[in-house]
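The listed protein sequences derive, respectively, from chains G and F. Going letter by letter, the first sequence gives residues 1 to 129 in the working numbering. Going letter by letter, the second sequence gives residues 1001 to 1129 in the working numbering. Everything on this sheet refers to the single structure shown next.
There are 2 protein chains.
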Amino acid sequence: MSFLDKLKFTSDGLIPAIIQERSTGRVLMMAWMNRASLEKTIVTGKTHFWSRSRQTFWMKGETSGHTQTVRDIAFDCDGDTLLIQVEQTGAACHEGYKSCFFRSVEADGRSFRNTEPQLETPEEIYGKK
Amino acid sequence: MSFLDKLKFTSDGLIPAIIQERSTGRVLMMAWMNRASLEKTIVTGKTHFWSRSRQTFWMKGETSGHTQTVRDIAFDCDGDTLLIQVEQTGAACHEGYKSCFFRSVEADGRSFRNTEPQLETPEEIYGKK
Chain G
1 MSFLDKLKFT SDGLIPAIIQ ERSTGRVLMM AWMNRASLEK TIVTGKTHFW SRSRQTFWMK
61 GETSGHTQTV RDIAFDCDGD TLLIQVEQTG AACHEGYKSC FFRSVEADGR SFRNTEPQLE
121 TPEEIYGKK
Chain F
1001 MSFLDKLKFT SDGLIPAIIQ ERSTGRVLMM AWMNRASLEK TIVTGKTHFW SRSRQTFWMK
1061 GETSGHTQTV RDIAFDCDGD TLLIQVEQTG AACHEGYKSC FFRSVEADGR SFRNTEPQLE
1121 TPEEIYGKK
């Protein structure tokens, strides 16, 4: 049996993929895959996703060069979430942070702070628009 | 501004929460919160979720005793995913594994293997049904 038969995609044919940096354990981002982008991820060893807002297939880093090399693909007990270990080139976040989760809630439960440095600006990554 | 104003809930009023064990960096599970369960999580310091299948509010560990004590709540650049650092009591997975992501895909891209020991059986956790 292929692990693909264990997976449950949403009614839109999607499954969320948590991306974790293998070397540090840092959770970098979460994005959605369809079956085709998951299969492409397995075959190429680079993460591919499905953009719900743009309704397009994309390889992480195709514009920025910040690709993700896959080291492990795990799936959860319910088969409805993936956890993918990668080696990340540069910043994972399109805002130039290593991780998209660069803001944490303060002890008051309302305000928040940045928890990591911005490595690059979006203009440096993508050029001026 | 409250961080809650930065969040984007789905049309069903939900947001996915990735739960990570702070001490080890292990990603334990992903589950869905609504605004009320997130606020309850902040106030109590224990993770609360919304069950899409049962359409109920639940505290992690309310039956099993395997509660999660919150140490940090982060949110991503798009405001549509949470990353919550916890200290986990016992197994996070209802199948008795520390993490719900206890299976990984093999190099052939199809077959899979267990990557961690089962700490308890579901019968030991929840009693015979």
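Every residue gets a Cβ at the ideal spot worked out from N, C-alpha and C, and that includes glycine.
From the beta carbon of M59(G), is the nearest beta carbon of chain F less than 8 Å away? At a cut-off of 8 Å, the C-beta of M59(G) has no neighbouring C-beta in chain F.
Could you name the residues of chain F that P145(G) contacts, counting a contact when the two beta carbons are closer than 8 Å? A question about residue 145(G) goes unanswered here, because the residues of chain G that appear run from 1 up to 129.
Examine the ligand FAD and report whether any of its heavy atoms sits within less than 7 Å of the Cβ of K1046(F). With respect to the ligand FAD, the structure shown offers nothing to examine, as it has no ligands at all.
Would M1(G) be called buried (16 or more neighbouring beta carbons within 10 Å of its own) or exposed? A residue is called buried once 16 or more other Cβ atoms fall within 10 Å of its Cβ, and M1(G), having fewer, is exposed.
Buried or exposed: S99(G), going by 16 or more other Cβ atoms within 10 Å of its Cβ? buried
Check whether the Cβ of A1074(F) lies closer than 8 Å to any Cβ atom in chain G. It does; some Cβ of chain G falls within 8 Å.
Expressed to the nearest angstrom, what Euclidean distance is found between the alpha-carbon atoms of I1084(F) and T1067(F)? 13 Å
Alpha helix (DSSP H) runs wholly inside the stretch 60–128 of chain G, at least 4 long, in chain order: 122–126
When you compare only the Cα positions, how much space is there between H94(G) and V1027(F)? 23 Å
Does any CB atom of chain G fall closer than 8 Å to the CB of Q1068(F)? No - not a single Cβ of chain G is within 8 Å of the one on Q1068(F).
State buried or exposed for D973(F), treating a residue as buried only when at least 16 other CB atoms are found within 10 Å of its CB. Nothing about residue 973(F) can be read from this structure; chain F reaches only from 1001 to 1129.
Opening and closing residue of the alpha helix (DSSP H) in which D51(G) lies: Reading off the sequence, residue 51(G) comes out as Ser, not Asp. Note, S51(G): premise wrong, no alpha helix (DSSP H); beta strand (DSSP E) at 48–51.
List, in chain order, every chain F residue whose beta-carbon is nearer than 8 Å to that of I42(G). V1105, G1109
Could you check what DSSP says for L1004(F) in three-state terms: helix, strand or coil? helix
Which partner residues does F1009(F) have in the DSSP bridge list? Secondary-structure assignment with DSSP links F1009(F) through no beta bridge to anything.
CA-CA distance, K1006(F) and I73(G)? Between K1006(F) and I73(G), the alpha-carbon positions lie close to 30 Å from each other.
Report the option in I125(G), N34(G), D80(G) whose CA atom is closest to the CA atom of Q55(G). The shortest Cα separation from Q55(G) among I125(G), N34(G), D80(G) belongs to N34(G).
Given this structure, state the Cα-to-Cα distance separating I42(G) from D108(G), to the nearest angstrom. 43 Å
By how many angstroms is the C-alpha of A17(G) removed from the C-alpha of E87(G)? 15 Å
Within 10 Å of its beta-carbon, does T1063(F) have 16 or more other beta-carbons around it, so buried, or fewer, so exposed? exposed
Consider the Cβ of L7(G): report whether some Cβ of chain F lies at a distance smaller than 8 Å. no
Assigned exposure category for S1037(F) - 16 Cβ within 10 Å defines buried: buried
Relative to the C-alpha of E1070(F), which residue among D1078(F), S1051(F), K1060(F) is closest? A small fix is needed here, since residue 1070(F) is Val in this sequence, not Glu. Residue K1060(F) is the option with its Cα nearest to V1070(F).
Return the CA-CA distance between L1119(F) and P122(G), expressed in angstroms with no decimal places. 45 Å
Boundaries (first-last residue) of the beta strand (DSSP E) holding Q1020(F): 1014–1021
Give the C-beta separation of G958(F) and T1081(F) to the nearest angstrom, bearing in mind that I take them to be a contact with Cβ-Cβ under 8 Å. Residue 958(F) lies beyond the residue range present for chain F, which begins at 1001 and ends at 1129; the question has no answer from this structure.
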